[in-house]
Amino acid sequence: MLDRATETSADETTRRVRFRGAGFVPASSRFGGWIALALVIAIWQAAGSARLVNPLFLPAPSAIVRAIYELAMSGALWQHLSASLLRIGVGWLLGTAAGVVVGFAIGLSRLARSVGITFISALFPIPKIALLPLLILWLGIGEEPKIATIALGVFFSTAISVYSGVDAVPRNLIRMAQSFNVPFATIVRKVVWPGALPAVLAGFRITASVALLLVVSAEMIGAQFGIGAFVLQAGNLMQTDQLLAGVVILSVFGLAVGKVIGWLEVRLLHWR
Amino acid sequence: MDLIANHISHHFGDLAVLDDVSFTVGAGEVVAIVGPSGCGKSTLLSILGGLLLPTSGSPELRGAPPADSLNPLTFVFQDFALLPWATVEENVEFPLLHTQLSATQRRALVEDALRRTGLTDFRKTYPKQLSGGMRQRVGISRALAVKPAILLMDEPLSALDSQTRELLMEDFVRLLADGGMGAVYVTHNLEEAARLADRIVVLSRRPGRIREVVAVPMTRTERGDIAAREQLLALQNQIWSLIRNEAIDAEREVQHA
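Protein chains in written order, with the UniProt record's numbering: chain R, 1 to 272; chain Y, 1 to 257.
Laid out in C-alpha cells, this is it:
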C-alpha cells in the first residue's frame with residue numbers, strides 16, 4: 001500500500017507543498033548591532049569633520065572623546081562620578097533593603113498585605129523627585145535629601161517586584177514543603193526566596209535605572225558635584241562637548257550596571 | 001499505624017465536594033481511590049494528609065508510626081513539586097534539612113533513597129534536565145527518604161506518557177512490596193488501581209460519596225503474571241460499569257460550566 005504514495009496517475013503531475021512557516025523568529029546576529037553603531041558614529045564623525053553640523057549644537061564623537069579624556073586627566077571626572085556613585089550606591093542599597101523586607105512582608109502576611117498595598121498604591125505614582133524640596137526641608141541641604149529621594153524611588157519599585165515575585169512562587173512547592181512539616185522560616189529561606197529571586201533580579205534592573213534617573217535629577221536641582229550637576233553646568237556654559245561627555249558616561253554606567261545584573265542572573269538563576 | 005477517614009465532608013463555598021466519606025487504611029495496606037473527574041478524590045487526599053481542613057469530619061491516625069519514620073504521612077504529587085533550583089540530591093535531602101539528623105545521617109538516607117529509585121547517577125542533575133518519569137522518581141525518592149508509614153499519592157502517573165507509566169508502575173509494585181509501607185493512591189486510571197491496590201474505594205460523582213469498596217483478590221506479585229490479566233480486566237470492567245454513567249454526566253457538567 002505504501003507504494004501508492006509514489007504513484008501518480010497519468011493525468012496528474014505532482015507539485016511540492018509550498019513552505020509557509022517562515023518568519024516570526026528573529027534571531028539577533030552577534031555583530032550586527034556593533035556594526036550599526038560603528039556606522040552611525042562614523043557618519044556622525046564625518047559630518048562633524050566636514051563641518052556639515054555646527055559643533056556648538058552637536059560636537060563630533062572625537063570632540064566628546066577628547067572632552068572625556070581631559071575630564072579624566074584633570075580629575076574632575078572622578079570628582080563628579082564619585083559623588084554620583086556614592087549617592088546612587090547608598091540610596092539604592094537603603095531602598096533595596098527596605099523594599100525587600102516590605103515586599104516579603106506583603107507577600108507573606110495578611111496584615112502587612114492589606115496595609116502595605118494600600119500605602120504603596122497611594123504613594124508609588126508620585127514622581128519621587130517632587131519630594132526633593134520637602135526632603136531638603138526635613139533633612140537639610142547636604143547629601144541626605146538626594147540619597148533619600150533615590151532610596152524612596154528604589155524602595156517602591158523593589159517592594160512591588162518582590163511581593164509580585166513572592167506571589168508568583170508556585171503554591172505547589174509551598175504545599176510540598178508543608179507536607180514534610182518544614183518550618184515557616186525554612187520555607188521562606190529555601191522555597192520562597194529562591195522562587196522569588198527571578199522577579200527580584202528583574203526588579204533590580206528597573207531600580208538601577210530609577211536610581212540613575214533620580215540621581216541626575218536631584219543633582220540638577222541642587223548639587224555642586226555629580227554627573228547631573230556637571231551636565232547642567234556644561235549646558236549653561238554651552239559646552240556641548242562636555243555635556244555629551246557627561247551623557248556618554250551615564251550611558252556607560254547604565255550599561256555596566258545592566259551587565260552586572262545580567263552576570264548575577266546567569267550565576268544565580270542557572271537552574272532556569 | 002492506620003489512617004482513618006472519619007465522616008469527612010467538604011464544601012468549597014456553595015459547592016459540596018465530599019459527603020460523609022469514611023474508610024480505614026490499615027498498616028501496610030494500599031487503598032486506591034477512583035471516581036469520575038471532579039468527585040473530590042484529590043481534595044480527599046489533601047484532607048487526609050492535613051493540607052486542607054475539612055468542613056466536617058476529620059482525618060485520624062490510630063497506633064504509633066514506625067520508630068524511624070520522619071514523616072508518617074508523605075505525599076507524592078502529580079506535578080512532582082520539585083524545587084527547580086535544587087539538584088536531585090538536594091531535592092531528596094530537602095525534607096531532612098529541618099530534622100535533628102546529622103549531615104552524615106542525612107547523607108545515608110539520601111543515598112539509600114536514590115539507590116532504591118535508580119537515581120544515584122543523576123544526583124547532580126537539575127529537574128529541568130530530567131524526563132517526566134525521572135522527575136517523578138525524584139519525587140518518590142524524596143518521599144522514601146523520610147521513611148513514610150503511608151504514602152499519599154495524588155495521580156502520580158497522570159502527567160506521564162503510557163510507557164513511562166508502565167515502568168513506574170513496576171517500580172511502585174516493588175517499593176510497596178518490600179517496605180511494609182501503606183499507600184492511598186488517588187487515580188482516574190482503573191488499570192493502575194487494579195494493579196496496585198489491595199482495596200479500591202469507588203467514589204460517586206460530586207459530591208463524592210463512597211459507592212462501593214472493591215477488594216482485589218490477588219497479591220501484587222501475582223497480578224504481574226499474564227494469567228492474572230483477564231481477572232484484572234474483569235475487575236476494571238466491574239468498576240468502570242459502576243462509574244461510567246456518572247463519568248459521562250460529570251464530563252457534560254464540566255463542558256457546561
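The C-beta atom is built at its ideal place from N, Cα and C for all residues, glycine as well. Because the structure is a prediction, the values reported are computed rather than measured.
Return yes when the Cβ of leucine 152 (chain Y) is within less than 8 Å of the Cβ of leucine 48 (chain Y), no when it is not.
yes
Please classify phenylalanine 122 (chain Y) as buried or exposed, where buried requires at least 16 neighbouring CB atoms within 10 angstroms.
buried
Backbone CA spacing between threonine 96 (chain R) and proline 198 (chain R) [nearest angstrom]
15 Å
Just list the alpha helix (DSSP H) runs in the stretch 127 to 160 of chain Y, keeping only unbroken ones of 4 residues or longer that don't cross its boundaries, in chain order.
132 to 145
Might you give, ordered along the chain, the residues of its own chain that have their beta carbon closer than 7 Å to the beta carbon of threonine 125 (chain Y), omitting 5 neighbours on each side?
Thr87, Val88
Output, in chain order, the set of chain R residues within a Cβ distance shorter than 7 Å of phenylalanine 77 (chain Y).
Asn172, Met176
How is the alpha helix (DSSP H) around leucine 71 (chain R) delimited, first residue to last?
61 to 74
Could you have a look at arginine 272 (chain R) and say whether DSSP puts it in helix, strand or coil?
coil
Through-space distance from valine 101 (chain R) to histidine 80 (chain R), alpha-carbon basis:
32 Å
Figure out for me which residue from Y:Leu144, Y:Asn189, Y:Glu166, Y:Val202 has the closest Cα to the Cα of phenylalanine 180 (chain R).
Y:Leu144
Quick one: residues in its chain with C-beta nearer than 7 Å to the C-beta of leucine 167 (chain Y), no 5 flanking neighbours on either side, listed in chain order?
Gly133
Could you tell me the boundaries of the beta strand (DSSP E) in which valine 30 (chain Y) lies?
30 to 34
Let me confirm a value: arginine 62 (chain Y) is counted as buried when at least 16 other C-beta atoms fall within 10 Å, else exposed. Which label applies?
exposed
Give me the subset of the stretch 90 to 102 of chain Y whose CB atoms are less than 8 Å from a CB atom of chain R, sorted by chain position.
Phe94, Pro95, Leu97, His98
Members of the stretch 27 to 55 of chain Y that neighbour chain R once the beta carbon cut-off is set at 9 Å:
Ser46, Gly49, Gly50, Leu51
In the stretch 136 to 198 of chain R, which residue ranges form an unbroken alpha helix (DSSP H) of at least 4 residues, counting only runs that do not cross its ends?
144 to 167, 171 to 179, 184 to 187
Out of Y:Arg206, Y:Ala149, Y:Ser131, which has the shortest C-alpha to C-alpha gap to leucine 73 (chain Y)?
Y:Ala149
Within chain R, partners of tryptophan 85 (chain Y) - CB distance below 7 Å
Pro194, Trp271
Going along the chain, which residues of the stretch 109 to 134 of chain Y sit with their C-beta nearer than 9 Å to a C-beta in chain R?
Tyr126, Pro127, Lys128
Which partner residues does threonine 74 (chain Y) have in the DSSP bridge list?
Y:Leu151
Cβ shell of histidine 98 (chain Y) (< 6 Å), same chain only, five flanking positions each side left out
none
Asparagine 245 (chain Y) at chain R interface by Cβ criterion, 8 Å:
no
Quick check on this structure: which residue in R:Met73, R:Leu232, R:Arg205, R:Trp271 has the alpha carbon closest to the alpha carbon of valine 162 (chain R)?
R:Arg205
Beta carbon of valine 191 (chain R), beta carbon of valine 169 (chain R): below 8 Å?
yes
Using 8 Å as the limit for Cβ to Cβ distance, is serine 67 (chain Y) near chain R?
The amino acid occupying residue 67 (chain Y) in the given sequence is alanine; serine does not appear at that position. So, not an interface residue.
Considering only C-alpha positions, which residue in the set R:Gly195, R:Arg272, R:Trp92 is nearest to phenylalanine 155 (chain R)?
R:Trp92
Proximity winner among Y:Asp249, Y:Leu190, Y:Glu222, Y:Arg209, relative to alanine 32 (chain Y) (alpha-carbon distances):
Y:Leu190
Spatial neighbours of glutamine 236 (chain Y) within its chain, please: C-beta separation below 7 Å, excluding the five flanking residues on both sides.
Leu190, Glu191, Ala194
Straight-line Cα distance separating tryptophan 271 (chain R) from proline 145 (chain R)
41 Å
Can you confirm whether valine 102 (chain R), when its beta carbon is compared against all beta carbons of chain Y, has any partner nearer than 8 Å?
no
Cross-chain neighbours of asparagine 189 (chain Y) in chain R, by beta carbon under 7 Å
In chain order: nothing, as chain R lies at least about 21 Å away.
Where in the stretch 43 to 100 of chain Y do unbroken runs of the alpha helix (DSSP H), each at least 4 residues long, occur, reported from the N-terminal end onward?
88 to 93
When you compare each of Y:Ser141, Y:Asp161, Y:Ser102, Y:Glu111 to serine 131 (chain Y) by their alpha carbons, which one comes out closest?
Y:Asp161
Sub-8 Å separation of arginine 142 (chain Y) and valine 21 (chain Y) beta-carbons:
no
Going by DSSP in three states, glutamate 191 (chain Y) sits in which element: helix, strand or coil?
helix
Three-state class that DSSP yields for phenylalanine 104 (chain R) in the structure shown
helix
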